[in-house]
Amino acid sequence: MGNLLGDTNPGTDVTFIFPDKTTVEAHRLVLCCTSSLYRRIFLSNTALSNLNAANPDAKIGGKLTRKLNLSTETEEKHTMAILDVAQTFEVEILTEFLKSEQEMSEKDLFEQWKAEFVSFDDALFCNTSRFSDVSFRVEEQLVRAHLCVLIAHCDFMAAMLSGNFQESGQQEIPLPSVSLDGFLGFLQYLYTDNVNFEHHDPIEVLKVANRFCSPRLVTLCEVCLEKKMESSLANSKKKSDRLGDLIQLIITAQTHNAHQLASKYLYYIAINFEEFKKKKELDCLSTDNLIVIEQQRWPPPCYLTELNAYRKTHDRDSSCTLM
1 MGNLLGDTNP GTDVTFIFPD KTTVEAHRLV LCCTSSLYRR IFLSNTALSN
51 LNAANPDAKI GGKLTRKLNL STETEEKHTM AILDVAQTFE VEILTEFLKS
101 EQEMSEKDLF EQWKAEFVSF DDALFCNTSR FSDVSFRVEE QLVRAHLCVL
151 IAHCDFMAAM LSGNFQESGQ QEIPLPSVSL DGFLGFLQYL YTDNVNFEHH
201 DPIEVLKVAN RFCSPRLVTL CEVCLEKKME SSLANSKKKS DRLGDLIQLI
251 ITAQTHNAHQ LASKYLYYIA INFEEFKKKK ELDCLSTDNL IVIEQQRWPP
301 PCYLTELNAY RKTHDRDSSC TLM
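With full-length UniProt numbering, letter number 75 in the sequence shown gets 75, and the count goes up by one each step, no holes.
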């Protein structure tokens, strides 16, 4: 989040000029997600009305990205100066923090601000043309975005859009092999730090997350897919009925670097191998995967061999002839 608020992030679209001629570059998107005053300045009445209808009780947090680190001698002076600025620019949560007599850590303040920031970011800017300065062509549809968000939250995007790649100079970037649903889920993650998997297919989001090197999003997809598979297994009469789905999930996970998910279900097949061993779907697994399953099988093959030998011996020794 601190990267988004830095003064070196490309895509600035507003300049503050101070009395000494010093200038500070900023982003309207950040200002609107931070201050009620800037929302009134930069947004239309219609946008404000829609926002208020969607978030009637919302309050936005202050632009706090690091600890204040005030010494005892200067704490009161600086606190009053910061409070004055916070009140002037209507940064409510920072104002309340500085005025409150109750203890609240700066970490808690930042987390509260972050949650409110992303709610405005999602409502006002995610997949909208408002202040957008870059577009992607996905499945013949135009998806608009903001350089400051993409570059701050995704290293791959930062390299692609601000480096020596050909995309850095394009206003419209084609993504021919990316699904629209997956890309919109990826964008939602960049803008809000989360994905609503009720609206986006986790498999499609996983593919895009891997393509754009977003390991945390890959993990979120793994968690979602694991929950869906566990629910499917729980609702099945026999584990073997779901083997085809398990194998397809393993192959997809390995293809898109969701290695934790693949390992979990290879192990699941291994410890339930007696139920799966006669299913032809196992032939779809690679040799390497079959080796992993063989190494993790439980009970191990050697135990089953000894058990069968014992049973044969026991059955022979216990047999008798009736007189």
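Beta carbons are placed, not taken as given, at the ideal position from N, Cα and C, and that holds for glycine. Remember, predicted model here, so these are calculated numbers, not experimental data.
Grab the span of the beta strand (DSSP E) containing Ala26 for me, first residue to last. What you label residue 26 is simply residue 26 of the sequence shown in a count that begins at 1. Run containing Ala26: Thr23 to Ala26, per the beta strand (DSSP E) assignment.
Please classify Ser135: does DSSP put it in a helix, a strand, or coil? As a first step, residue 135 is located in the sequence shown; it is residue number 135 there, counting from the start. Strand at Ser135.
So for Val143, helix, strand or coil by DSSP? The residue you call residue 143 lines up with position 143 of the sequence shown. Strand at Val143.
Give me the residue from Ala145, Asp155, Phe125 and Ala115 with the minimum Cα distance to Ser214. Within the sequence shown, numbered from 1, the residue matching residue 214 stands at position 214. Nearest of Ala145, Asp155, Phe125 and Ala115 to Ser214, Cα basis: Asp155.
Starting from Pro215, trace the beta strand (DSSP E) in both directions and tell me its first and last residue. Taking the first residue of the sequence shown as position 1, residue 215 is located at position 215. Here Pro215 belongs to no beta strand (DSSP E); instead the alpha helix (DSSP H) covers Pro215 to Ala234.
Can you tell me whether Pro56 is buried or exposed, with buried defined as 16 or more other CB within 10 angstroms of its CB? As a position in the sequence shown, residue 56 is number 56, starting the count at 1. Caution applies to Pro56, whose pLDDT of 43 falls short of 50 and renders its modelled position unreliable; the model cannot decide the point.
Would you check if the distance between the CB atom of Val126 and the CB atom of Tyr191 is smaller than 7 Å? Counting from one through the sequence shown, the residue named residue 126 turns up at place 126. Counting from one through the sequence shown, the residue named residue 191 turns up at place 191. One point to set straight first is that residue 126 is Cys, not Val, in the sequence displayed. Yes. Within cutoff.
Considering only residues of the segment 79-111, which uninterrupted beta strand (DSSP E) runs meet the minimum length of 3 residues and lie entirely inside it, listed in chain order? none
Under the three-state DSSP convention, the category Thr15 falls into: Translated into the one-based positions of the sequence shown, residue 15 becomes position 15. DSSP places Thr15 in strand when its eight states are reduced to three.
Going along the chain, which unbroken runs of the alpha helix (DSSP H) with 4 or more residues stay wholly within the segment 235-319? 243-255, 259-271, 273-276, 287-296 and 301-318
Please classify Ser179: is it buried, with 16 or more other beta-carbons within 10 angstroms of its beta-carbon, or exposed? Mapped onto the sequence shown, residue 179 falls at position 179. It is buried - the Cβ of Ser179 has at least 16 other Cβ atoms within 10 Å.
Does Glu172 come out as helix, strand or coil in the three-state DSSP assignment? Within the sequence shown, numbered from 1, the residue matching residue 172 stands at position 172. Looking at Glu172 - three-state DSSP - the assignment turns out to be strand.
Using the C-alpha atoms, what's the distance from Glu139 back to Thr12? Taking the sequence shown and counting its residues from 1, the one referred to as residue 12 is at position 12. Taking the sequence shown and counting its residues from 1, the one referred to as residue 139 is at position 139. Approximately 29 Å between the Cα atoms of the pair.
With a threshold of 16 other CB atoms inside 10 Å of the CB of Gln295, please say whether the residue is buried or exposed. Residue 295 sits at position 295 when you count from the first residue of the sequence shown. With fewer than 16 other Cβ atoms within 10 Å, it is exposed.
Taking the alpha carbon of Gly244 as the point to measure from, which residue in Val30, Asn257, Tyr303 and Cys284 has its own alpha carbon closest? Counted from its first residue, the sequence shown places residue 244 at position 244. When each option's Cα is compared against that of Gly244, the closest is Cys284.
For residue 326, which of Thr34, Asn235, Pro10 and Ser44 has the nearest alpha-carbon? In the structure displayed, the chain extends from 1 to 323; residue 326 sits before or after that span and is not available.
Have a look at Lys238 and Leu43 and give me their C-alpha separation to the nearest angstrom. Your numbering for residue 238 matches position 238 in the sequence shown. Your numbering for residue 43 matches position 43 in the sequence shown. The alpha-carbon atoms of Lys238 and Leu43 are separated by roughly 57 Å.
Could you give the C-beta distance for Ala145 and Phe136, rounded to a whole number, given that I count them as a contact under 8 Å? Residue 145 sits at position 145 when you count from the first residue of the sequence shown. Residue 136 sits at position 136 when you count from the first residue of the sequence shown. Going by Cβ atoms, the distance from Ala145 to Phe136 rounds to 7 Å, so yes, they are a contact pair.
Can you tell me whether Gly182 is helix, strand or coil according to DSSP? What you label residue 182 is simply residue 182 of the sequence shown in a count that begins at 1. Note: Gly182 maps to helix in three-state DSSP.
Buried or exposed by the 16-neighbour rule on C-beta atoms within 10 Å, applied to Ala86: Position 86 of the sequence shown, counted from the start, is the residue given in the question as residue 86. Buried is the call here.
Hey, is the segment 220-228 in contact with the segment 194-209, meaning 3+ C-beta pairs nearer than 8 Å? yes
Collapsed DSSP secondary structure at Pro10 in the structure displayed: As a working mapping, residue 10 is identified with position 10 in the sequence shown. Coil.
Give the secondary structure of residue 324 by DSSP, where H, G and I count as helix, E and B as strand, and everything else as coil. Beyond the ends of the chain as shown, which are 1 and 323, falls residue 324; an answer cannot be given.
7 Å Cβ shell around Met157 - same chain, five flanking residues per side excluded: For the purposes of this step, residue 157 is taken as the residue at position 157 of the sequence shown. Hits under 7 Å: Leu150, Ile151 and Phe212.
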